[in-house]
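Chemist: Residue numbers (my numbering): 5 to 267. Where a beta carbon is used, it is the ideal one built from N, C-alpha and C, also for glycine. Mind looking over this structure? Questions follow.
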Amino acid sequence: QVYWRRSFQRNRLFNLYGLFQFSRKSAELGITEGEDRADKLTVLSAETGFDWSTATRSHLGSGRIQYSQGFDGLLGAQEPTSDPAQTETSRRGGSGNYAAGEFTKINVDYDHWFNINRDSTLHFSFRSQFSDDMLTSLEQMPIGGPNSVRAYSASEFLRDKAFSTSLEWMQSAPGFADWKSFNNRRWGDTLKVVLFADYATGWLNDPLASEREEVSLSGVGAGLRLNIDKFSARFDVSKAISDEVVGNDRSPQYYFEMNYGFY
């Protein structure tokens, strides 16, 4: 992978960057019975991203738009065919054709934070992907998991085009936000309680007869966010409210993450 990135504007209220990236991607799929499959892609992408805030920091936002183009046969990338003897590609469509190396897709993401007051924040998140091509798992958008619909397992479904949205209300240490916690910080700056709702819909291009063209997932839940100097932790519990069966039979679903920065 090689890339070039440039910052076009940097200040306290607005930042803008551009990114060009050239990637060679591959993934192997082990098959219990039959031959293993492999996806090989060569992709050129162009991206622009930004973040902004109001002078009072009551509103903050960040987003990005990425355009990706794959190429047939370039640097060993897979080529279009309907003959299984001529390809190792893992995905075959209802038309009988296998996924090609050439594809086009666009990703659009956006996050917005509205600070209602010092201890209460609304956070809206949007993730999306648009493509008219049959994609392999390397380029499909996953829906379900800690960064999508948290009531479902990670990458519950992979789709060629999809969007995912989340709305979170974060309250700092309800009832004791002004108490002192660690290193003379407020508990309101250390611990947050979160209530959230997630939704996602995705579609397959050229699905097999055994595959569903469209799926929709939704869930609601609650969580905690902990920040102590270089240490942070996240805990979420979520239950599905859509009719889609949870693949791992866990309801509710739990996610826990810890991070420590060595710097």
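1. Thinking residue 43 and residue 93 are a contact (beta carbons under 8 Å), I'd like their distance in whole angstroms, please.
2. Alpha carbon to alpha carbon, how far is residue 213 from residue 263? Give it in angstroms, no decimals.
3. When DSSP builds the beta bridges, which residues end up paired with residue 72?
4. Using a Cβ-Cβ cutoff of less than 8 Å, which residues in the same chain neighbour residue 63 once the five nearest sequence positions on both sides are dropped?
5. Where does residue 265 sit, in a helix, a strand or coil, going by DSSP?
6. Give the single residue among 211, 50, 172, 55 whose Cα lies nearest to the Cα of residue 14.
7. Applying the 10 Å Cβ sphere with the 16-neighbour rule, what's the burial state of residue 217?
8. Tell me whether the region 72 to 86 and the region 98 to 109 touch, counting them as touching only if at least three CB pairs, one residue from each stretch, are closer than 8 Å.
9. Tell me the DSSP secondary structure of residue 193 in three-state form.
10. Is it buried or exposed for residue 104, if we count other Cβ within 10 angstroms and need 16 for buried?
11. Take residue 185 and list the residues in its own chain whose beta-carbon comes closer than 7 Å to its own, dropping the five residues that flank it on each side.
12. So, using beta-carbon positions, are residue 198 and residue 179 closer together than 8 Å?
13. What are the boundary residues of the beta strand (DSSP E) that includes residue 238?
14. For residue 240 and residue 259, which I take to be in contact (beta-carbon distance under 8 Å), what is that distance rounded to the nearest angstrom?
15. Compute the distance between the beta-carbons of residue 173 and residue 142, then report whether it is under 8 Å.
16. Grouping DSSP H, G and I as helix and E and B as strand, with all else coil, what is residue 65?
17. Which runs of the beta strand (DSSP E) fall wholly inside the region 146 to 177 and span at least 3 residues, in chain order?
18. Pick out whichever of 51, 252, 133 has its Cα sitting closest to the Cα of residue 168.
19. Look at the alpha carbon of residue 124 and the alpha carbon of residue 196, and state the distance between them as a whole number of angstroms.
20. Work out the CA separation of residue 90 and residue 11 for me, nearest whole Å.
21. Identify whether residue 201 lies in helix, strand or coil by the three-state DSSP scheme.
22. For residue 22, name the three-state secondary structure that DSSP assigns.
23. Note the first and the last residue of the continuous beta strand (DSSP E) segment covering residue 186.
Modeler: Working from what's here:
1. 6 Å
2. 43 Å
3. 49, 109
4. 57, 116, 117, 118, 119
5. coil
6. 55
7. exposed
8. yes
9. helix
10. buried
11. 191, 194
12. no
13. 235 to 244
14. 5 Å
15. no
16. strand
17. 161 to 163, 165 to 176
18. 133
19. 9 Å
20. 44 Å
21. strand
22. strand
23. Residue 186 -> no beta strand (DSSP E), and no H or E assigned at all.
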